[in-house]
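Peer 1: Sequential numbering of the sequence shown, starting at -12, is according to the working numbering.
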Amino acid sequence: MCGDFNIQPYSKMYNFILGDQSEYIFNETTSSEKTPTESTKTSTFSNNNSNRKHVIEFDYIITDEKKEDYRNNFIHCLPFASVYKHYTGEPRELEISTYNTCGASNPDYIFYGVANTIISEDIVFVNETSTLSLLGRLTLPSASKIAQNLGPMPNSITT
-12 MCGDFNIQPY SKMYNFILGD QSEYIFNETT SSEKTPTEST KTSTFSNNNS
38 NRKHVIEFDY IITDEKKEDY RNNFIHCLPF ASVYKHYTGE PRELEISTYN
88 TCGASNPDYI FYGVANTIIS EDIVFVNETS TLSLLGRLTL PSASKIAQNL
138 GPMPNSITT
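1) Using a 10 Å radius around the Cβ and a threshold of 16 neighbouring Cβ atoms, would you call Leu137 buried or exposed?
2) Give the DSSP bridge partners of Thr85, in chain order.
3) Express the C-alpha separation of Ala68 and Ile105 in angstroms, rounding to a whole number.
4) Using a Cβ-Cβ cutoff of less than 8 angstroms, which residues in the same chain neighbour Gly123 once the five nearest sequence positions on both sides are dropped?
5) Rounded C-beta distance between Ile83 and Cys(-11)? I'm assuming under 8 angstroms.
6) Check each candidate in Arg79, Ser117, Asn114 and Gly100 and name the one with the smallest Cα separation from Ala130.
7) Kindly list the residues whose CB is nearer than 7 angstroms to the CB of Ile92, restricted to its own chain and excluding five residues on each side of it in sequence; keep chain order.
8) For a cutoff of 7 angstroms on Cβ pairs, would you count Phe3 as touching chain C?
9) Note down, in chain order, each residue of its chain lying with its Cβ closer than 7 angstroms to the Cβ of Met0, except the 5 sequence neighbours on either side.
10) Using the C-alpha atoms, what's the distance from Ser107 back to Gly76?
Encoded structure:
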């Protein structure tokens, strides 16, 4: 699975993709939509084919209007690992995949399926599957390395 996810390494969403469960609280500061005010509900997203395992399951709790919290507990059964290291060697700097006049970040990811992952702070331990394993991790440059050699894009070298 790959794409422009617009998430930071080891953020809650990143850890959810690598792990299998996460609880999120959506309120006025994290959601642009008005949160509904209803009673507690439980739902499961599943396929129409009853022989297949559920891909994503979720429970949600909607609290009263004064609190305006919308809590979700999402669970998936698709463990992934990232092909990127996310940090350079010494000095330790964040790797980036996007560098322009507005700043540098790493919104782009390539994830692959693994048997399981264990996340400890900013270190991910990966148990590869026997059918698919990573031959080598990709190293991306840091913002200081790109600034030193190229600069933000577009620039006179890249246009």
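Think of the CB as a built atom: it goes at the ideal place given N, C-alpha and C, for glycine as much as any other residue.
Peer 2: Taking the definition as stated:
1) exposed
2) Ser92
3) 10 angstroms
4) none
5) With 8 angstroms as the limit, Ile83 and Cys(-11) do not qualify as a contact, their Cβ atoms being about 16 angstroms apart.
6) Arg79
7) Checking the displayed sequence, the identity of residue 92 turns out to be Ser instead of Ile. Result list for Ser92: Ile83 and Thr85, in chain order.
8) The structure shown contains no chain C; it is built from a single protein chain.
9) Ile(-6)
10) 19 angstroms
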